[in-house]
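Reading the first sequence from the start, the letters are residues 0 to 857 in numbering that gives the first Met the number 0. Virtual Cβ for every residue (Gly too), placed ideally from N, Cα, C. Being a predicted model, the structure only gives us computed values, none of them experimental.
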Amino acid sequence: MKYRPQEIERKWRKAWDEAGVDRCPDALSAPKYYCLEMFPYPSGRIHMGHVRVYTIGDLLARFKRMRGYQVLHPIGWDAFGLPAENAAHRHGTHPAKWTWENIAFMREQLRQMGISYDWEREIATCSPDYYRWEQLFFLWMMKDGIAFRKRATLNWCGECQTVLANEQVNRDGTCFIHDQTPVTQKELDQWFLGITRYAEELLEGHRELAGGWPENILEMQRNWIGRSEGAEIRFPLADGDGEITVFTTRPDTLFGATFMSMAPEHPMTMEFARKSGREREVREFVGRVAGQDRAARTGEDQAKEGVFTGGYCVNPVTGNRIPVYAANFVLYEYGTGAVMAVPAHDQRDFEFAKKYGLPIVVVVQPEGEALDPASMPGAHEGPGTLVRSGEFDGMDSEDGKKSITRHLEGKGRGRATVQYRLRDWGVSRQRYWGCPIPVIHCEACGIVPVPEKDLPVVLPEDLPYTRERGNPLASAEGWLRVPCPACGKSARRETDTFDTFVESSWYFLRYIDPKNDRAPLDPEKMRRFGPVDQYVGGVEHACMHLIYARFFHKYLRDKGLAPGNEPFLRLLSQGMVCMQTSECPKHGWRYPEEVDENGACRQCGEKVNVGRSMKMSKSKRNVVEPSELIERYGADTARVFILFAAPPERDLDWSEQGVEGAYRFLGRVYRLVAQRAEAVASASPVWDDSAEVRRIRQATHRTLFKVTGDIEERFHFNTAISAVMEMVNILYLVEDPAWTAPATAGALREAVEILLHMLFPFAPHVGEELWARIGGEGLLCARPWPEADAALVREDQVEVVVQVNGKVRAKVTVGAGAGEEEVRALAMAETRVREHTAGKKIRKTVYVPGKLFSVVAN
RNA sequence: GCGAGAGUGGCGGAAUGGCAGACGCGCCGGAUUUAGGAUCCGGUGGGCAACCAUGAGGGUUCAAGUCCCUCCUCUCGCACCA
0 MKYRPQEIER KWRKAWDEAG VDRCPDALSA PKYYCLEMFP YPSGRIHMGH VRVYTIGDLL
60 ARFKRMRGYQ VLHPIGWDAF GLPAENAAHR HGTHPAKWTW ENIAFMREQL RQMGISYDWE
120 REIATCSPDY YRWEQLFFLW MMKDGIAFRK RATLNWCGEC QTVLANEQVN RDGTCFIHDQ
180 TPVTQKELDQ WFLGITRYAE ELLEGHRELA GGWPENILEM QRNWIGRSEG AEIRFPLADG
240 DGEITVFTTR PDTLFGATFM SMAPEHPMTM EFARKSGRER EVREFVGRVA GQDRAARTGE
300 DQAKEGVFTG GYCVNPVTGN RIPVYAANFV LYEYGTGAVM AVPAHDQRDF EFAKKYGLPI
360 VVVVQPEGEA LDPASMPGAH EGPGTLVRSG EFDGMDSEDG KKSITRHLEG KGRGRATVQY
420 RLRDWGVSRQ RYWGCPIPVI HCEACGIVPV PEKDLPVVLP EDLPYTRERG NPLASAEGWL
480 RVPCPACGKS ARRETDTFDT FVESSWYFLR YIDPKNDRAP LDPEKMRRFG PVDQYVGGVE
540 HACMHLIYAR FFHKYLRDKG LAPGNEPFLR LLSQGMVCMQ TSECPKHGWR YPEEVDENGA
600 CRQCGEKVNV GRSMKMSKSK RNVVEPSELI ERYGADTARV FILFAAPPER DLDWSEQGVE
660 GAYRFLGRVY RLVAQRAEAV ASASPVWDDS AEVRRIRQAT HRTLFKVTGD IEERFHFNTA
720 ISAVMEMVNI LYLVEDPAWT APATAGALRE AVEILLHMLF PFAPHVGEEL WARIGGEGLL
780 CARPWPEADA ALVREDQVEV VVQVNGKVRA KVTVGAGAGE EEVRALAMAE TRVREHTAGK
840 KIRKTVYVPG KLFSVVAN
């Protein structure tokens, strides 16, 4: 009776498919539970990271179904993106063909894993049925002023011939695809979505998410949004009209502002230079800095550098004339692009002032210290008492922030404001394989939205893939020449496509209504199934995807489509899948199969160095192919190993021996039940009240109680499996005759039935198979989760630990309800307790009911 | 630098402030087998013991892996954001 997962798994997948048990009908017949895993990019093959997320999601989906919920558990494909175009360039395959073939292959892999998706709801974002609605949203956003065009300096990769998001620029300033190519800055007209309008709400929404989302993700989002409170202060120009507005979080240091720093890109920078005749020097500096890529410009230990623009402005409180500099560290995109420089109290300004010999004035004096500008080693950025600040002298610097801001407001020279680090979302990409942005450029009318009735703007299919780089759409003459919808003259389509994060910002809503061809989403259905109850995905999406999706959801809520304020009520961010690396001194990284059993390279026989466990990646060759794993051990083993080896949020160390262990466990369950299947099937559900029956039933119900809690409340799937393992161990110790004895057979049947229910979400195929073997009613997958009998879960006899001075000296067994006096009498009578308290005075005793009795004596 | 998380046997990992090391891997032994493998059963932190052990050191407590303080190491995120 050998466990043959391949046969079992194929058989039950087919049975479930035919019975349609994973479908989620539109009509609700039970409370809904929307369980969602982040959808994959169809890169070609499933990797272990996918196996982990989808296994975790499936466990929850299957469990919740048994718990009586109507579970919506969909899957789809994040199908637009650059890799398809790269593949096209390399192999001459059309991106669409490449993508759809990958989808077909990966769909089959997911099916083999036995993930219980409602495949009727499958979506692919590259399908016009999907992206047409995204184009519609964009038209709405244009009307609402949420989508707008702005000239912006963007990261540009000369190799890709396209803009890159900040996230796509490596730390060293190279392109995330071409890590040899430095990213440069380029000015382009781009489409933006006004996410900053929702900045405060995105922050505020964390209240709703607290508890349901991991704290570290919320923290990362808070940093990303980067709210800071401060003041806008207007500095009049010293010569002529006009003013410079700065943002500062330290209005309390205003009296110490001795010069001004401007972003090189700031329009006033060159204006000052022109007026003062310093155009040449300033232009040289501005040109050099503006052309620098992000990392070179903003790296931490980049030297502070600047140039005097020739202009002066006036400190509004001291009345002093202060010089205006252009400085490399001032960012045009943040705040107002101009900074009041307070060298005594800001390290950057301090370094800058030292370098260019600018005055340093101390205006915040820390307690018990006298700061001297000449000898200060660095800026004092902490709090203190205001000095040299006129009427504000002696005030605490915290109070000074408010007072000086109020003072400026009174004089009309400033006001309290809030700034965010979050920028508006640039969504234009110069790429072919993306959702076309539905606008038309007309020489006469300017930018004209494509009329709704003309949607979707479908990508042209017949593009020759001869161009090595750049955007093929820009040369698709037949496609881009269109009459202007406003004036009818010849015009050009927008050739940019959307950032693929736009597609992933609302796919979870479309799953609820995937086939609607009259509207993007049906509000009534959205209310029925939304929002997502449990989202599962990797931490790498903490800031981009998860913030964009929250923003999009809020916008669609404002349009009356999306339900509630937040799209994902709970988030589980699973850890990475890691494996140790092997490096051959001659051949570099080795795949596991390139190393023999003695730890030597199969190619040269040299001993390989075994490195620390790292995230599985092709480049390090420390990967295990999911399909090979499943072929060899079956999907159930893969699932059990993944869920058992580590709690979901932690990194998981891959171990071949661990996989073997999971396989062995399933074989053990299989043999236990299959060998006794007849006895179990013919047992009646009755039992006597013998100690043996009670022992079996207590083990059963206590395990059930623990497993239920571990899955439902704690998400501790590894301990749930260990509890099931313990129960299996107990059942193995039951003597053979008991399985057929009328007194015990019923209790054992109950035990096996409950065991299989508990096993099911982890290893559904073998669970279902054994359920059939014991003559179980219907399909196990459709059965309700059993309820633990509280009377059996409760202990009737408990062992109380007796401590003397903190050390365990005895154990006494008492009835569960035993009172302190009873326990004390038993405890103090114990020989070991008497030994350790002999000749000492009992100072104190503590009784923790049913657990522990502690004696303090000296 | 700032922020978050982690550090427990040979390994992965368990422990609402209450017997540290559940469960699994590995290892050791036994049964079965011609043999090996597979399977089933048992043992397995260190120490002969008193006892000692949760990164290091302090503290709170009758009681600390868990709470507090200082420090070390690792992982992740942010990083000239005014």
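Exercise for the section: Helix, strand or coil for Arg793, going by three-state DSSP, please let me know. Expected result: It is coil, neither helix nor strand.
Handout entry: Through-space distance from Met394 to Met267, alpha-carbon basis
Key = Roughly 35 angstroms between the two C-alpha positions.
Handout entry: Where the beta strand (DSSP E) containing Ala326 begins and where it ends
Key = Start and end: 320-326.
Exercise for the section: Would you mind reading off the limits of the alpha helix (DSSP H) that contains Ile941? Expected result: Residue 941 falls outside the range modelled here, since the chain spans only 0 to 857, and no answer is possible.
Problem - Start-to-end residues for the alpha helix (DSSP H) that takes in Ala272 - result: Counting along the chain, the alpha helix (DSSP H) containing Ala272 begins and ends at 266-275.
Problem - Minimum C-alpha distance to Arg273 - residue among Phe246, Met259, Arg831, Thr308 - result: Selected option, being the one with the closest Cα: Thr308.
Exercise for the section: Go through its chain and collect everything with a Cβ distance to Leu703's Cβ below 7 angstroms, but skip five positions before and after it. Expected result: Excluding five sequence positions before and after Leu703, the CB atoms of its chain that fall closer than 7 angstroms to its own CB belong to Ile753, Met757, Pro785, Ala787, given in chain order.
Practice task
Return helix, strand or coil for Thr124, following the three-state DSSP convention.
Solution key: Coil.
Exercise for the section: Would you mind sorting Lys452 into buried or exposed? The rule is 16 or more other CB atoms within 10 Å of its CB. Expected result: Exposed, by the Cβ-count rule.
Handout entry: Where the alpha helix (DSSP H) through Pro94 begins and ends
Key = 94-111 is the span of the alpha helix (DSSP H), which, as asked, contains Pro94.
Exercise for the section: Please determine, among Gly536, Val447, Leu27, Cys577, the residue with the shortest C-alpha to C-alpha distance to Lys488. Expected result: Nearest option by C-alpha distance: Val447.
Handout entry: 7 angstroms CB neighbourhood of Tyr331 in its chain, flanking five on each side removed
Key = Same-chain partners within the cutoff: Ala262, Glu264, His265.
Problem - Proximal residues to Ala289 (C-beta, below 8 angstroms), its chain only, five neighbours per side dropped - result: Once the five neighbours on either side are set aside, the close Cβ partners of Ala289 are Thr152, Gln184, Pro263, Glu264.
Practice task
Return the first residue and the last residue of the beta strand (DSSP E) that Phe852 is part of.
Solution key: DSSP places Phe852 inside the beta strand (DSSP E), whose first and last residues are 851-856.
Problem - 6 angstroms CB neighbourhood of Thr404 in its chain, flanking five on each side removed - result: Exclusion of the five residues before and after Thr404 leaves Ala230, Pro250, Ala415 as the residues of its chain whose Cβ lies within less than 6 angstroms of its Cβ.
Exercise for the section: Specify whether the stretch 520-535 and the stretch 553-573 touch according to this definition: at least 3 beta carbon pairs, one from each stretch, less than 8 angstroms apart. Expected result: Contact between the stretch 520-535 and the stretch 553-573 is established, with three or more Cβ pairs separated by less than 8 angstroms.
Exercise for the section: Report yes or no: do the stretch 434-445 and the stretch 134-153 share at least 3 C-beta pairs separated by less than 8 angstroms? Expected result: Yes, the stretch 434-445 is in contact with the stretch 134-153.
Problem - Exposure of Pro736, with buried meaning 16 or more beta-carbon neighbours within 10 Å - result: Counting Cβ neighbours within 10 Å, Pro736 comes out exposed, since fewer than 16 surround it.
Handout entry: Residues that Asn470 bridges to, as DSSP identifies them
Key = Paired residue(s): none; Asn470 is not in a bridge.
Exercise for the section: Starting from Asp595, follow the alpha helix (DSSP H) in both directions and report where the run begins and ends. Expected result: Where Asp595 is concerned, there is no enclosing alpha helix (DSSP H), given that its DSSP letter is neither H nor E.
Handout entry: Inter-residue spacing [alpha-carbon to alpha-carbon] between Gln301 and Arg491
Key = Taking C-alpha positions only, Gln301 is separated from Arg491 by approximately 43 angstroms.
Handout entry: Contacts around Val706, its chain only, beta-carbon distance under 8 angstroms, and the 5 residues preceding and following it disregarded
Key = Ala719, Ala722, Val723, Met757.
Exercise for the section: Thinking Gln418 and Gly310 are a contact (beta carbons under 8 angstroms), I'd like their distance in whole angstroms, please. Expected result: So it is not a contact: roughly 24 angstroms between Cβ atoms.
Handout entry: Coil, strand or helix - Lys806 by DSSP
Key = Lys806 falls in the strand class under three-state DSSP.
Practice task
Please determine, among Ile55, Met0, Gln69, the residue with the shortest C-alpha to C-alpha distance to Val20.
Solution key: Of the candidates Ile55, Met0, Gln69, the residue whose Cα lies closest to the Cα of Val20 is Gln69.
Exercise for the section: Within its chain, find whatever has a CB closer than 7 angstroms to the CB of Val457; leave out the 5 residues flanking it on each side and keep chain order. Expected result: Excluding residues within five positions, the ones whose Cβ falls inside 7 angstroms are Pro127.
Practice task
Please determine if the stretch 609-627 and the stretch 580-592 are in contact, where contact requires at least 3 C-beta pairs separated by less than 8 angstroms.
Solution key: Between the stretch 609-627 and the stretch 580-592 there are three or more inter-stretch CB-CB distances shorter than 8 angstroms, so the stretches are counted as touching.
Exercise for the section: Starting from Lys31, follow the beta strand (DSSP E) in both directions and report where the run begins and ends. Expected result: From DSSP, the beta strand (DSSP E) with Lys31 extends over 31-36.
Exercise for the section: Please report the residue range of the beta strand (DSSP E) in which Ser489 lies. Expected result: That run of the beta strand (DSSP E) goes 489-492.
Exercise for the section: Please name the residue, chosen from Ile773, Ala83, Asp495, that lies closest to Val162 on a Cα-to-Cα basis. Expected result: Looking only at Ile773, Ala83, Asp495, the smallest Cα-Cα distance to Val162 is reached by Asp495.
Practice task
Answer yes if the stretch 633-646 comes into contact with the stretch 0-15, meaning at least three C-beta pairs across the two stretches below 8 angstroms, and no otherwise.
Solution key: Output reads yes: the stretch 633-646 touches the stretch 0-15.
Handout entry: Pairwise C-alpha distance: Pro235 and Val313
Key = For Val313 and Pro235, the distance between alpha carbons rounds to 6 angstroms.
Problem - Pairwise C-alpha distance: Glu502 and Pro192 - result: The identity of residue 192 in the sequence shown is Leu, whereas the question assumes Pro. The alpha-carbon atoms of Leu192 and Glu502 are separated by roughly 14 angstroms.
Practice task
Determine the closest residue to Thr252 out of Phe328, Ala146, Pro365, Ala698, with distance taken between C-alpha atoms.
Solution key: Comparing Cα-Cα distances from Thr252 to each of Phe328, Ala146, Pro365, Ala698, the minimum goes to Pro365.
Practice task
Answer with buried or exposed for Tyr731, where buried requires no fewer than 16 other C-beta atoms within 10 angstroms of its C-beta.
Solution key: Answer is exposed; the Cβ neighbour count stays below 16.
Practice task
Can you check DSSP and say which residues form a bridge with Glu242?
Solution key: Beta-bridge pairing links Glu242 to Pro235.
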